[in-house]
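Heads up, the thing below is written out as structure tokens.
In the working numbering, the protein residues as written are 613 to 687.
Structure representation (structure tokens):
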């Protein structure tokens, strides 16, 4: 199954949650042309399918089970 790729602005928290050109696209959220271009690029060559797959894999790093295991290793 595929996850959902994201498009986010380069200012704010979205840029921390998206790996540009892997799990989605980062753009200048204040520039409509940049947003439109990012949307077009997401659908170009069906990139949204690969980005969605990578987004799902990336999101698994934030499951509580994995986070708890990381804390156990630190302690």
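No residue lacks a Cβ here, since even glycine has one placed at the ideal position from N, Cα and C.
The model shown is predicted, which means the values in this text are computed figures rather than measured ones.
For residue 680, name the three-state secondary structure that DSSP assigns.
Three-state result, residue 680: helix.
Assess, as a yes-or-no matter, whether the region 643-660 is touched by the region 679-687 under the definition of 3 or more beta carbon pairs within less than 8 Å.
Segment contact: the region 679-687 against the region 643-660, fewer than three CB-CB distances shorter than 8 Å; contact not assigned.
Leaving out five residues before and five after residue 650 in sequence, what residues of the same chain have Cβ atoms less than 6 Å from its Cβ?
Non-local beta-carbon contacts of residue 650 in its own chain, meaning distances under 6 Å to residues more than five positions away in sequence, involve 619, 637, 639 in chain order.
By how many angstroms is the C-alpha of residue 682 removed from the C-alpha of residue 676?
So the alpha carbons of these two residues sit roughly 10 Å apart.
Nearest-angstrom Cα distance between residue 627 and residue 621?
Roughly 7 Å between the two C-alpha positions.
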